[in-house]
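Student:
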Amino acid sequence: MILLVDLCIEKDSLSKYEFVHPIADTLERSGFSVEIWHYSELARLMPEKFDKIILCGTALKDNYYAEHINSFFWIKCCSTPVLGICAGMQVIGSVFGGRIVSQQAIGLEAIEIIRASALLGEPRTIEGYHLHNFGVTLPDDFLLLAGCDEHAEAFKHKILPIYGIIFHPEVRNSWILEHFANL
Amino acid sequence: MKLGVLFSGGKDSVFATYRAMQKNQVACLITLISQNPDSYMFHTPNIQRTSLQAEAIGLPLLSWPTLGEKEKELEDLAAAIADARDEYGIQGVVSGAIESVYQAVRTQRICKALDLWCFNPLWQINQVDYLRLLLSEGFQVIITGVFAYPFDASWLGQELTLECICRLEELWKRYKVSPSGEGGELETMVLDGPIFQKRLEILRSSRSYCNFSGRLFIEEMRLVDK
Numbered sequence: 000m001i002l003l004v005d006l007c008i009e010k011d012s013l014s015k016y017e018f019v020h021p022i023a024d025t026l027e028r029s030g031f032s033v034e035i036w037h038y039s040e041l042a043r044l045m046p047e048k049f050d051k052i053i054l055c056g057t058a059l060k061d062n063y064y065a066e067h068i069n070s071f072f073w074i075k076c077c078s079t080p081v082l083g084i085c086a087g088m089q090v091i092g093s094v095f096g097g098r099i100v101s102q103q104a105i106g107l108e109a110i111e112i113i114r115a116s117a118l119l120g121e122p123r124t125i126e127g128y129h130l131h132n133f134g135v136t137l138p139d140d141f142l143l144l145a146g147c148d149e150h151a152e153a154f155k156h157k158i159l160p161i162y163g164i165i166f167h168p169e170v171r172n173s174w175i176l177e178h179f180a181n182l
Numbered sequence: 000m001k002l003g004v005l006f007s008g009g010k011d012s013v014f015a016t017y018r019a020m021q022k023n024q025v026a027c028l029i030t031l032i033s034q035n036p037d038s039y040m041f042h043t044p045n046i047q048r049t050s051l052q053a054e055a056i057g058l059p060l061l062s063w064p065t066l067g068e069k070e071k072e073l074e075d076l077a078a079a080i081a082d083a084r085d086e087y088g089i090q091g092v093v094s095g096a097i098e099s100v101y102q103a104v105r106t107q108r109i110c111k112a113l114d115l116w117c118f119n120p121l122w123q124i125n126q127v128d129y130l131r132l133l134l135s136e137g138f139q140v141i142i143t144g145v146f147a148y149p150f151d152a153s154w155l156g157q158e159l160t161l162e163c164i165c166r167l168e169e170l171w172k173r174y175k176v177s178p179s180g181e182g183g184e185l186e187t188m189v190l191d192g193p194i195f196q197k198r199l200e201i202l203r204s205s206r207s208y209c210n211f212s213g214r215l216f217i218e219e220m221r222l223v224d225k
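Same order as they appear, the protein sequences are chains D and V. Under numbering that gives the first Met the number 0, the first residue of the first sequence is numbered 0, with each subsequent residue one higher. Under numbering that gives the first Met the number 0, the first residue of the second sequence is numbered 0, with each subsequent residue one higher.
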């Protein structure tokens with residue numbers, strides 16, 4: 000069972016159709032079961048009971064999750080694989096000591112994968128859909144997988160199975176979600 | 000949150016309106032009346048009929064003219080949205096984009112420039128499931144334009160039914176024609192649905208069709224009590 004964490008401004012918002020449902024749909028069509036919870040409800044859950052955890056993205060104008068980073072400190076001691084997408088990557092970076100910084104991208108852009116990983120495969124250039132006003136600096140315990148130090152496109156914790164990608168894999172790169180689900 | 004919906008009267012913008020009304024307050028519908036029948040951004044067949052649809056739904060309609068020239072029409076869209084913000088106090092915009100990155104990116108950029116929220120509640124939805132959802136939720140949809148092989152003239156005016164969806168699914172498998180017309184293969188019009196206080200009835204229409212491209216022109220229609 001994969002836990003999808005909805006990071007949108009409120010539970011069952013209009014944005015859920017755009018940032019959570021496409022991920023759930025992709026995974027379910029690949030044969031995985033998913034459960035969706037809003038981040039405000041996580042205190043009632045034990046995220047570790049799930050096989051995988053995905054922190055989903057939010058609308059361009061929705062940065063409320065950044066005011067509630069303390070809701071996500073459980074990630075620091077989580078042994079379950081975690082993938083943060085866009086806002087989710089910012090949350091992971093912030094939890095591990097990175098800084099959320101102004102960084103705007105809207106639309107399809109080239110992404111240079113610079114380090115081989117189980118999530119993104121071998122180094123090469125792919126095209127990905129971006130929709131963000133903010134990015135996050137690379138925390139000390141993380142390796143850059145794609146992009147550059149000034150604009151981290153993807154990272155991974157040096158030891159733990161914790162990944163972040165700033166672009167939206169549900170658009171044209173659903174294979175990344177399948178790779179993560181199969182980790 | 001008060002929202003304005005980019006509204007063409009086709010199934011996607013009507014269903015986006017439906018979803019937006021379930022979660023927020025839709026303050027107005029926004030229609031770009033394009034003079035270019037091949038517009039990249041805006042639905043054109045029967046676009047003038049959106050005023051009757053808006054009346055049937057019970058929402059105000061902001062109509063905005065555009066010559067429909069590529070990229071210039073985006074300035075017109077931005078002007079229309081800015082007008083909706085000033086007139087109706089909208090804080091966000093809703094679109095019925097499903098897969099078109101071209102449309103979604105341009106709408107997102109306009110909303111960012113105007114400091115508005117942007118919502119795409121049909122984004123990446125499975126197209127065949129979505130067509131079935133339209134029926135199960137009670138929408139009456141007809142096909143008003145076909146623009147690709149192998150659609151013949153018999154599709155014009157046809158109502159979306161389960162049988163029709165099965166045929167579209169077959170065409171998708173065989174010819175890679177997008178079942179919901181995301182590639183511009185189909186245009187539709189919604190005549191009734193759960194958010195319609197009255198339904199629309201077509202009284203008179205005509206067709207033009209040539210080389211796998213055709214349109215149903217609705218010449219006269221009226222509102223009917225439900």
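Yeah, the Cβ is synthetic: ideal placement off N, Cα and C, and Gly gets one too. Quick caveat, the model's predicted, so the values are computed rather than measured.
Could you tell me which residues DSSP puts in a beta bridge with Gln126 (chain V)?
Tutor: The partner list for Gln126 (chain V) (beta bridge, DSSP) is empty, contrary to what the question assumes.
Student: Is there a C-beta anywhere in chain D that falls below 8 angstroms from the one on Asn23 (chain V)?
Tutor: By this cut-off, Asn23 (chain V) is an interface position.
Student: Could you give the residue range of the alpha helix (DSSP H) that holds Phe18 (chain D)?
Tutor: Per DSSP, Phe18 (chain D) belongs to the alpha helix (DSSP H) from Lys15 to Phe18.
Student: Using a Cβ cut-off of 8 angstroms (strictly closer), state whether Ala83 (chain V) contacts chain D.
Tutor: For Ala83 (chain V), the answer is no, since every Cβ of chain D falls outside 8 angstroms of its Cβ.
Student: Could you pull out every residue in the same chain whose Cβ sits closer than 8 angstroms to the Cβ of Leu121 (chain V), ignoring the five residues on either side in sequence?
Tutor: Correct list, in chain order: Asp11, Phe14, Ala15, Arg18, Gly95, Ala96, Ile97 and Tyr129.
Student: Three or more C-beta pairs under 8 angstroms: does that hold for the segment 63–78 of chain V against the segment 207–216 of chain V?
Tutor: The segment 63–78 of chain V vs the segment 207–216 of chain V: no contact.
Student: How many Å lie between Ala58 (chain D) and Phe18 (chain D) at the Cα?
Tutor: One C-alpha to the other measures close to 8 angstroms.
Student: Considering Cα atoms alone, identify which of V:Phe118, V:Glu68, V:Cys117 and V:Met188 is closest to Gly156 (chain V).
Tutor: The shortest C-alpha separation from Gly156 (chain V) is found at V:Met188.
Student: Could you name the residues of chain V that Ala196 (chain D) contacts, counting a contact when the two beta carbons are closer than 7 angstroms?
Tutor: Past the edges of chain D, shown from 0 to 182, lies residue 196 (chain D), and the structure says nothing about it.
Student: With DSSP as the reference, identify every bridge partner of Lys51 (chain D), one or two as the case may be.
Tutor: Paired residues: D:Ile1.
Student: Got a sec, what are the start and stop residues for the beta strand (DSSP E) Tyr208 (chain V) sits in?
Tutor: Tyr208 (chain V) -> beta strand (DSSP E) spans Lys197 to Cys209.
Student: Would you say Ile164 (chain D) and Ile175 (chain D) are within 8 angstroms of each other, going by their C-beta atoms?
Tutor: Contact: yes.
Student: In angstroms, rounded to a whole number, what distance separates the CA positions of Val223 (chain V) and Pro193 (chain V)?
Tutor: Rounded to the nearest angstrom, the two C-alpha atoms are 14 angstroms apart.
Student: What's the C-alpha gap between Gln24 (chain V) and Met0 (chain V)?
Tutor: Cα-Cα distance, rounded: 6 angstroms.
Student: Whole angstroms is fine: what's the gap from Leu167 (chain V)'s alpha carbon to Leu185 (chain V)'s?
Tutor: Rounded to whole angstroms, Leu167 (chain V) to Leu185 (chain V) spans 10 angstroms at the Cα level.
Student: Would you say Lys111 (chain V) lies against chain D (beta-carbon separation less than 8 angstroms)?
Tutor: Yes, Lys111 (chain V) lies at the interface with chain D (some Cβ there is under 8 angstroms from its Cβ).
Student: Does Gln107 (chain V) get closer than 8 angstroms to chain D when you measure Cβ to Cβ?
Tutor: Yes - at least one Cβ of chain D is within 8 angstroms of the one on Gln107 (chain V).
Student: Taking the DSSP output, what are the residues bridged to Ala117 (chain D)?
Tutor: Ala117 (chain D) pairs with nothing; no bridge assigned.
Student: Using a Cβ-Cβ cut-off of less than 7 angstroms, give me the residues of the segment 93–113 of chain D that come near chain V, in sequence order.
Tutor: Those residues of the segment 93–113 of chain D that come within reach of chain V (Cβ to Cβ, closer than 7 angstroms) are Ile105, Gly106 and Leu107.
Student: With a threshold of 8 angstroms, are at least 3 pairs of Cβ atoms found where one atom belongs to the segment 123–135 of chain D and the other to the segment 84–99 of chain D?
Tutor: Touching, yes, given that three or more Cβ pairs across the two stretches are closer than 8 angstroms.
Student: Going by C-alpha distance, which of D:Gly127, D:Pro46 and D:Glu111 is nearest Glu169 (chain D)?
Tutor: Minimum Cα distance to Glu169 (chain D) is reached at D:Gly127.
Student: Which chain V residues are close to Glu169 (chain D), counting only those with a beta carbon under 9 angstroms from its beta carbon?
Tutor: Near Glu169 (chain D) (Cβ distances below 9 angstroms), the residues of chain V are Trp122 and Gln123.
Student: Is the CB-CB distance between Val104 (chain V) and Gly106 (chain D) below 8 angstroms?
Tutor: In contact: Val104 (chain V) and Gly106 (chain D) (Cβ atoms closer than 8 angstroms).
Student: Along the segment 43–55 of chain D, what residues have a CB closer than 7 angstroms to any CB found in chain V?
Tutor: Those would be none; no residue qualifies.
Student: Listing by chain order, which chain V residues have their CB less than 8 angstroms from the CB of Ala58 (chain D)?
Tutor: Under the 8 angstroms cutoff, chain V gives Trp116, Cys117 and Phe118.
Student: Are Phe118 (chain V) and Val100 (chain V) closer than 8 angstroms when you measure CB to CB?
Tutor: Against a cut-off of 8 angstroms, the Cβ pair of Val100 (chain V) and Phe118 (chain V) comes out as no contact.
Student: Which residue wins for smallest C-alpha separation from Phe195 (chain V), given the options V:Met20, V:Leu2 and V:Asp151?
Tutor: Checked all of V:Met20, V:Leu2 and V:Asp151; the closest Cα to Phe195 (chain V) is V:Met20.
Student: On the DSSP bridge assignment, give the partners of Ser212 (chain V) in chain order.
Tutor: In DSSP, Ser212 (chain V) forms a bridge with V:Phe146 and V:Cys209.
Student: For Ile56 (chain V) and Gln123 (chain V), I'd like the C-alpha separation in whole angstroms.
Tutor: If I take the Cα positions, the gap works out to 26 angstroms.
Student: In the structure shown, what three-state DSSP assignment does Gly92 (chain D) receive?
Tutor: The answer is helix: DSSP assigns Gly92 (chain D) an H, G or I state.
Student: What are the complete beta strand (DSSP E) segments, minimum 3 residues, inside the segment 93–162 of chain D?
Tutor: For the segment 93–162 of chain D, whole beta strand (DSSP E) runs of length 3 or above, ordered along the chain, are 99–112, 123–135, 141–147 and 150–156.
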